[in-house]
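Enquirer:
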Amino acid sequence: MPACGRQVYCIRLTTVLCVCLVRSGLTNKWQIVNVLRNLKQMKVLFNKKFLFHNVDSDAEGAYRIKEFPEHYKDTDFNGEEYITLVHSENHKNMIREACMHNDYAAEVLLTPESYAAAISAVGLTVKAAEQGNFAVVRPPGHHACYERAAGFCLFNNIAIATQKLVNEGKKVFIFDFDGHHGDGTQSIFYESDKVLYCSLHQAYAYPFSGLPTETGTGNGTGYTLNIPLISGSGDKEFLAALDKAIAEARKFEPDVVGVSAGFDGYEKDRLLGLKYTLKGYYECGFRLRRAFKHVFAVLEGGYHYDIRDCVENFIEGVNVGSRPPRNMFDEMMSLG
Ligand SMILES: [Zn+2]
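Here my numbering runs 4 ahead of the position in the sequence shown, where the first position is 1.
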């Protein structure tokens, strides 16, 4: 279609949409803005620099995301200024120095490229939180604590983005379905009643925390929910635990939902024994988006070659879940 034809088509489509919205009774402009915002689709945020960190590792190596540059353009945003929202200045400096001097941290041999990747991972997660997108980043973050790097994680990407939202007056539900317990994220928000942290993970696996008895402390008592699953658990157990978490989160009434999307619960993962499938990830995205308006996600673990399929199935679920249910659509149309 020629450019002018596309323009006419877009104007016609927008006019039809506006007429439908007005005819449906949504005469208040903010109601219309809210409907349009709900139709927003989740997208991938990615940058090639994530491939140049810990390149050849068989575990958290660049192979995990090697397909993404062919399909997604680069987005860049330096998140360095946000690191101290949840980490000490000392930790930030220690990681930067380790990267500049090719030292080990979090079981990884770091390089200057690692620091560039790490601050971009923080930046893209902050952007994803603002925009409702999925940040496909390396290194992952959910094992990193206030002053400790661990489990391939240098800075806690989702905790940093979440703390920024909390500082803006928002309540955040973090749903962490990585197959390992997110001990770093839990520790950072353990005393907070502004963040509900829920982790689904394989029992008796690294980092050997995340028992159901760990529920928070002080003001944060009751704001941590751990649901360990035994090795061999599949979509049935995954989705039952998700429904339990959604029920708890509805009572919490979050403004934003942040997803620590690690795909090492996947049936082909080489480190863990969970058996989630692509359909399970689709359904997870769908149910989360059906239940909550503002959802963003960030990549955590996943040690196999199907990460792109996993990410895209989750995103498709979110985007289908963002559409109005059919009966609501019919009801809107019948008002005219
Ligand atoms: Zn993991």
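We put the beta carbon where it would ideally sit given N, CA and C, even for glycine.
Closest by CA to Met46, which one among Pro328, Asn137 and Val130?
Expert: Taking only the C-alpha atoms, the option nearest Met46 is Asn137.
Enquirer: Comparing C-alpha positions only, which one of Cys149, Phe81 and Val126 sits nearest to His95?
Expert: Of the listed residues, the one whose Cα sits closest to His95 is Cys149.
Enquirer: If you check the beta carbons only, do Lys175 and Phe256 fall under 9 Å apart?
Expert: Closer than 9 Å, so yes.
Enquirer: Given a cut-off of 9 Å, decide if Tyr201 and Leu158 are closer than it, judged by their beta-carbon atoms.
Expert: Going by C-beta atoms, Leu158 is not nearer than 9 Å to Tyr201.
Enquirer: Of all the options Tyr210, Val199, Pro216 and Leu243, which has the alpha carbon lying nearest to the alpha carbon of Asn223?
Expert: The shortest C-alpha separation from Asn223 is found at Val199.
Enquirer: Could you check whether the Cβ of Glu304 sits closer than 8 Å to any heavy atom belonging to ligand 1?
Expert: Yes, ligand 1 has a heavy atom inside 8 Å of this Cβ.
Enquirer: With distances taken between CB atoms, is the gap from Phe2 to Val48 smaller than 9 Å?
Expert: Outside the shown range of the chain, which is 5 to 340, sits residue 2, and nothing can be said about it.
Enquirer: Going by DSSP, which residues form a beta bridge with Lys279?
Expert: The partner list for Lys279 (beta bridge, DSSP) reads Gly238.
Enquirer: Between the Cα of Asp247 and the Cα atoms of Arg294, Pro144, Asp259 and Gly266, which residue gives the shortest distance?
Expert: Considering only alpha carbons, the answer is Arg294.
Enquirer: Would you verify that the beta carbon of Ser124 is, or is not, closer than 9 Å to some beta carbon of chain E?
Expert: The structure shown contains no chain E, having only a single protein chain.
Enquirer: With a threshold of 8 Å (Cβ to nearest heavy atom), would His308 be considered close to ligand 1?
Expert: No; taking the cut-off as 8 Å, the Cβ of His308 has no heavy atom of ligand 1 nearer than that.
Enquirer: Taking only three categories from DSSP, how would you classify Met336?
Expert: Low local confidence applies: a pLDDT of 48 at Met336 is under 50, so the model's placement there is unreliable, and no value is given.
Enquirer: Do Asp62 and ligand 1 come close, with the Cβ less than 8 Å from some heavy atom?
Expert: Every heavy atom of ligand 1 is 8 Å or more from the Cβ of Asp62, so no.
Enquirer: Flag Asp268 as yes when its Cβ comes closer than 8 Å to any non-hydrogen atom of ligand 1, and as no otherwise.
Expert: Checking every heavy atom of ligand 1 against the Cβ of Asp268, one is found closer than 8 Å.
Enquirer: For Ile192, which of Ala207, Gly65, Ile178 and Val299 has the nearest alpha-carbon?
Expert: Taking only the C-alpha atoms, the option nearest Ile192 is Ile178.
Enquirer: Rounding to the nearest angstrom, what Cα-Cα distance links Gly262 and Tyr86 in this structure?
Expert: Using only the alpha carbons, I get a separation of about 17 Å.
Enquirer: Roughly how far, in whole angstroms, is the beta-carbon of Val260 from the beta-carbon of Gly289, given that I think they are within contact range, below 8 Å?
Expert: Contact flag wrong, Cβ pair sits at about 16 Å.
Enquirer: Verify whether the separation of the beta carbon atoms of His205 and Phe267 is less than 9 Å.
Expert: Not in contact: His205 and Phe267 (Cβ atoms no closer than 9 Å).
Enquirer: Please confirm if the stretch 111-119 is in contact with the stretch 277-286, defined as three or more CB-CB distances below 8 Å between the two stretches.
Expert: With a cut-off of 8 Å, the stretch 277-286 and the stretch 111-119 do not count as touching, because too few Cβ pairs lie within range.
Enquirer: Under the DSSP definition of a beta bridge, which residues are partnered with His205?
Expert: Partner(s): Pro232.
Enquirer: Can you look up Phe318 in the DSSP assignment and give me helix, strand or coil?
Expert: Helix at Phe318.
Enquirer: For Arg152, name the three-state secondary structure that DSSP assigns.
Expert: It is a strand residue.
Enquirer: Please classify Tyr119 as buried or exposed, where buried requires at least 16 other C-beta atoms within 10 Å of its C-beta.
Expert: Per the 10 Å Cβ criterion, buried.
Enquirer: Got a sec? Which residues, its chain only, sit under 8 Å from Phe156 by beta carbon, not counting five neighbours each side?
Expert: Closer than 8 Å at Cβ, skipping near neighbours: Asn58, Ala63, Glu64, Ala110, Glu111, Val112, Pro143, Pro144, His147 and Gly305.
Enquirer: Does Ile234 pass the burial test, meaning 16 or more other C-beta atoms within 10 Å, or should it be called exposed?
Expert: With fewer than 16 Cβ atoms within 10 Å of its Cβ, Ile234 is classed as exposed.
Enquirer: Straight-line CA distance for Ile99 to Val299?
Expert: The alpha-carbon atoms of Ile99 and Val299 are separated by roughly 30 Å.
Enquirer: Cutting at 8 Å between CB atoms, please list the residues of its own chain near Val130, excluding the five before and the five after it.
Expert: These residues qualify, in order along the chain: Phe81, Gly83, Tyr86, Ile164, Ala165 and Lys168.
Enquirer: Within its chain, find whatever has a CB closer than 8 Å to the CB of Gly238; leave out the 5 residues flanking it on each side and keep chain order.
Expert: Cβ within range, chain order: Glu271, Leu278, Lys279, Tyr280, Thr281 and Gly284.
Enquirer: Excluding five sequence neighbours on each side, which residues of the same chain lie with their C-beta closer than 6 Å to the C-beta of Gly269?
Expert: Taken in chain order, the residues that qualify are Gly183, Leu278 and Tyr280.
Enquirer: Return the first residue and the last residue of the beta strand (DSSP E) that Asp187 is part of.
Expert: Looking at the DSSP string, Asp187 is not in any beta strand (DSSP E); the run it does join, the alpha helix (DSSP H), is Asp187 to Ile192.
Enquirer: Hey, is Leu276 close to ligand 1, as in C-beta under 8 Å from one of its heavy atoms?
Expert: Correct: Leu276 has its Cβ closer than 8 Å to ligand 1.
Enquirer: Looking only at C-alpha atoms, which of Glu134, Glu151, Val126 and Ala154 sits nearest to Val141?
Expert: Closest by alpha carbon: Val126.
Enquirer: Which first and last residues belong to the alpha helix (DSSP H) in which Phe179 is found?
Expert: Run containing Phe179: none in the alpha helix (DSSP H); it sits in the beta strand (DSSP E), Val176 to Asp180.
Enquirer: So what's Leu303 in DSSP terms, helix, strand or just coil?
Expert: Strand at Leu303.
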